[in-house]
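Here the structure is laid out as structure tokens; the discussion comes afterwards.
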Amino acid sequence: MNILGISCFYHDAAAALIRDGVLVAAAEEERFSRRKHDSGFPSLAIDFCLHQGGITTRDLDYVVFYEKPFRKFERLFLTILNGYPRSAGVFRDAMTSWLDEKLWIKSLLVERLGVDPKKILFSEHHLSHASSAFFCSPFREAAILTVDGVGEWSTSTLGRGTASWDGQGENRIDLFSELRFPHSLGLLYSSFTAFLGFEVNEGEYKVMGMAPYGRPLYVDKVMKLLRLFDDGSLELDLSYFSFHYHRERSFSSKFVKLFGPPRDPRARFVTTQTSLYDDPIPPTNAEMDLNQYYADVAASVQRATEEIILKMARHLHRVTGLKSLCVAGGVALNSVANYRLLKETPFEHIYIQPAAGDAGGALGAALYVEHAILGRPRRFVMDHAAWGQAYGPGETADFLRSAGAAFKTLEEEDRLIDRVTDMLMAGKVVGWFQGRFEWGPRALGHRSILADPRRLDMKDIVNIKIKFREPFRPFAPSVVEERAAEFFDFPDPPLHSPPRFMLMVAPVRPEKRASLPAITHVDGTGRLQTVVKETNPLYHRLIARFGEASGIPVLLNTSFNLRGEPIVTTPENAFRTFMASGMDALVMGSQIVVKEGS
Numbered sequence: 006m007n008i009l010g011i012s013c014f015y016h017d018a019a020a021a022l023i024r025d026g027v028l029v030a031a032a033e034e035e036r037f038s039r040r041k042h043d044s045g046f047p048s049l050a051i052d053f054c055l056h057q058g059g060i061t062t063r064d065l066d067y068v069v070f071y072e073k074p075f076r077k078f079e080r081l082f083l084t085i086l087n088g089y090p091r092s093a094g095v096f097r098d099a100m101t102s103w104l105d106e107k108l109w110i111k112s113l114l115v116e117r118l119g120v121d122p123k124k125i126l127f128s129e130h131h132l133s134h135a136s137s138a139f140f141c142s143p144f145r146e147a148a149i150l151t152v153d154g155v156g157e158w159s160t161s162t163l164g165r166g167t168a169s170w171d172g173q174g175e176n177r178i179d180l181f182s183e184l185r186f187p188h189s190l191g192l193l194y195s196s197f198t199a200f201l202g203f204e205v206n207e208g209e210y211k212v213m214g215m216a217p218y219g220r221p222l223y224v225d226k227v228m229k230l231l232r233l234f235d236d237g238s239l240e241l242d243l244s245y246f247s248f249h250y251h252r253e254r255s256f257s258s259k260f261v262k263l264f265g266p267p268r269d270p271r272a273r274f275v276t277t278q279t280s281l282y283d284d285p286i287p288p289t290n291a292e293m294d295l296n297q298y299y300a301d302v303a304a305s306v307q308r309a310t311e312e313i314i315l316k317m318a319r320h321l322h323r324v325t326g327l328k329s330l331c332v333a334g335g336v337a338l339n340s341v342a343n344y345r346l347l348k349e350t351p352f353e354h355i356y357i358q359p360a361a362g363d364a365g366g367a368l369g370a371a372l373y374v375e376h377a378i379l380g381r382p383r384r385f386v387m388d389h390a391a392w393g394q395a396y397g398p399g400e401t402a403d404f405l406r407s408a409g410a411a412f413k414t415l416e417e418e419d420r421l422i423d424r425v426t427d428m429l430m431a432g433k434v435v436g437w438f439q440g441r442f443e444w445g446p447r448a449l450g451h452r453s454i455l456a457d458p459r460r461l462d463m464k465d466i467v468n469i470k471i472k473f474r475e476p477f478r479p480f481a482p483s484v485v486e487e488r489a490a491e492f493f494d495f496p497d498p499p500l501h502s503p504p505r506f507m508l509m510v511a512p513v514r515p516e517k518r519a520s521l522p523a524i525t526h527v528d529g530t531g532r533l534q535t536v537v538k539e540t541n542p543l544y545h546r547l548i549a550r551f552g553e554a555s556g557i558p559v560l561l562n563t564s565f566n567l568r569g570e571p572i573v574t575t576p577e578n579a580f581r582t583f584m585a586s587g588m589d590a591l592v593m594g595s596q597i598v599v600k601e602g603s
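For what it's worth, my numbering labels the leading residue of the sequence shown as 6, then goes sequentially.
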């Protein structure tokens, strides 16, 4: 039984192929098209999934789209009518895009894939989210929380999932409560993302990274924008927002009157706590004061978001009485809130699938048909994220030769690990390209840039000279799972999967912060990645070997890309990025390229 799931036409288009309930391949379209957050039809991702599965479209039993286009169009059309005449511009844009492709998904799938129309099915947006988490989790029964901007009408849902692992019982997801558009926690957060000068659906994680530089002084102001209920549901005061009628701006003049002028996206972010590194222009007191205000606003909306999510989760626990929780939707990528869910709610176990946003809907839609519609028992748990394309040693070597690059091949794993460890110990920054690339937005040791976390200057070096991005942005610590509790305030790491996918921010233990300055954020935390020997043996071995040499089994890990680009996919992507940045060495499989003078 081959089922292909597809998500597209909003952001982060993706495809996923499952066979008899087991994931074969999954990838976002951006990794192949090289357009970040590519929302177009995922032709290249589909081709990859089919090739990885060794099949053609003729072998597909079902193709499942992750949401219901007509229901989404209904919401859009009614919203435009309610907002007219202010929404006239939205109407023009919407009709152009929707009447072209978005509304005719079934015909498009028949045309592009050549499949029988009877094989094409449609899920619902939040049901796909819920399925992507629950049917990838290890749980027989779990509470489910989905939170994002908006799907068809839902913006968040509460539910329960039950699973059959042995053919006894049924697979079922019951979403028994929903919050509906325009009232949305995700749209609240994205409005502040825009106010703070970042791109919506792309810059939310920058708000999360900016927040620790501020203090949550304006939570009361944030809460003026909404009415919050005991179950965590909310009603936005729409007079503060314009996302429901404006093409480009998500907040209104009343919002600006309350919070002041929005931050200039071109302005640098400098406070008394940020580093200027080698910037020759010193900041003025007025510049730092203004940026401190924006940091305080970021801290305030982050804190408000966390408290609302906690309220939702506590209500969900009261209703279900279950010990396990599955979380999905774009807001599930808020790793600070996720840690608080584990620490401050009665739930004992939490599962979050690594592509928790819209990309994951492709996988969830396929799994929902497999288990809930067809009733086939579960056979799969997602315990790693390496579901993309791999390149063998012959392919990487052939490319390097064609590029005229000088390289060494170290086929013995011990020699490779020792050589990379020596470079890291010497303060070199290494591009690490191994195996199948990751599913989801995080680089987890397959397409990563690695450095020594013990060096105080390494954060600025990697941010400014290698990634070419804002110096306030934090980096993740990759740590071998069995020693994570020594360095981070995280109880029993082997019992929890979210840190394996870099989906929880945890405090660095106070006594370890001086030893890990490059990955310790300004508030004393780190976006933790625990590395498991069984699922990522080479990366685990490298970190362990670095630990033997340095005494600290932790590496600084960031995604292998430059600012504004998707994470690298191919040897060509990796080599071009390596040459365009200040990285010292590139390791692709068993091949090592070292720049002159490094």
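Glycine included, C-beta positions come from ideal geometry on N, C-alpha and C.
Local conformation of residue i per DSSP, three classes
| i | result |
| --- | --- |
| residue 152 | strand |
| residue 235 | coil |
| residue 527 | coil |
| residue 10 | strand |
| residue 488 | helix |
| residue 144 | coil |
| residue 431 | coil |
| residue 587 | coil |
| residue 361 | coil |
| residue 436 | strand |
| residue 185 | strand |
| residue 106 | helix |
| residue 37 | helix |
| residue 512 | strand |
| residue 89 | coil |
| residue 306 | helix |
| residue 554 | helix |
| residue 332 | strand |
| residue 474 | coil |
| residue 286 | coil |
| residue 648 | With the chain covering 6 to 603 only, the question about residue 648 has no answer from this structure. |
Selection from the options that minimises the alpha carbon distance to residue i
| i | options | result |
| --- | --- | --- |
| residue 44 | 53, 33, 502, 407 | 33 |
| residue 383 | 177, 81, 88, 70 | 177 |
| residue 505 | 489, 516, 514, 520 | 489 |
| residue 340 | 512, 499, 234, 183 | 512 |
| residue 469 | 572, 280, 109, 240 | 280 |
| residue 471 | 131, 518, 564 | 564 |
| residue 387 | 17, 6, 26 | 26 |
| residue 120 | 245, 67, 567 | 67 |
| residue 217 | 440, 15, 482, 298 | 298 |
| residue 240 | 160, 278, 263, 113 | 160 |
Bridge partners - residue i, DSSP secondary structure assignment
| i | result |
| --- | --- |
| residue 246 | 256 |
| residue 596 | 414, 593 |
| residue 164 | 149, 180 |
| residue 483 | 534, 560 |
| residue 70 | 11, 127 |
| residue 455 | 435, 562 |
| residue 241 | 231 |
| residue 272 | Paired residues: none, contrary to the question. |
Straight-line Cα distance separating residue j from residue i
| i | j | result |
| --- | --- | --- |
| residue 9 | residue 169 | 22 Å |
| residue 133 | residue 371 | 8 Å |
| residue 498 | residue 290 | 43 Å |
| residue 448 | residue 274 | 25 Å |
| residue 358 | residue 331 | 9 Å |
| residue 311 | residue 342 | 5 Å |
| residue 556 | residue 432 | 15 Å |
| residue 35 | residue 496 | 36 Å |
| residue 391 | residue 117 | 27 Å |
| residue 205 | residue 42 | 11 Å |
| residue 407 | residue 457 | 31 Å |
| residue 115 | residue 590 | 46 Å |
Beta-carbon spacing of residue i, residue j below 7 Å
| i | j | result |
| --- | --- | --- |
| residue 91 | residue 210 | no |
| residue 545 | residue 484 | no |
| residue 136 | residue 414 | no |
| residue 303 | residue 455 | no |
| residue 320 | residue 219 | no |
| residue 246 | residue 196 | yes |
| residue 535 | residue 442 | no |
| residue 401 | residue 576 | yes |
| residue 17 | residue 364 | yes |
beta-carbon residue i near the ligand ZN non-hydrogen atom, thresh 6 Å
| i | result |
| --- | --- |
| residue 316 | No copy of the ligand ZN appears in this structure; indeed no ligand is present at all. |
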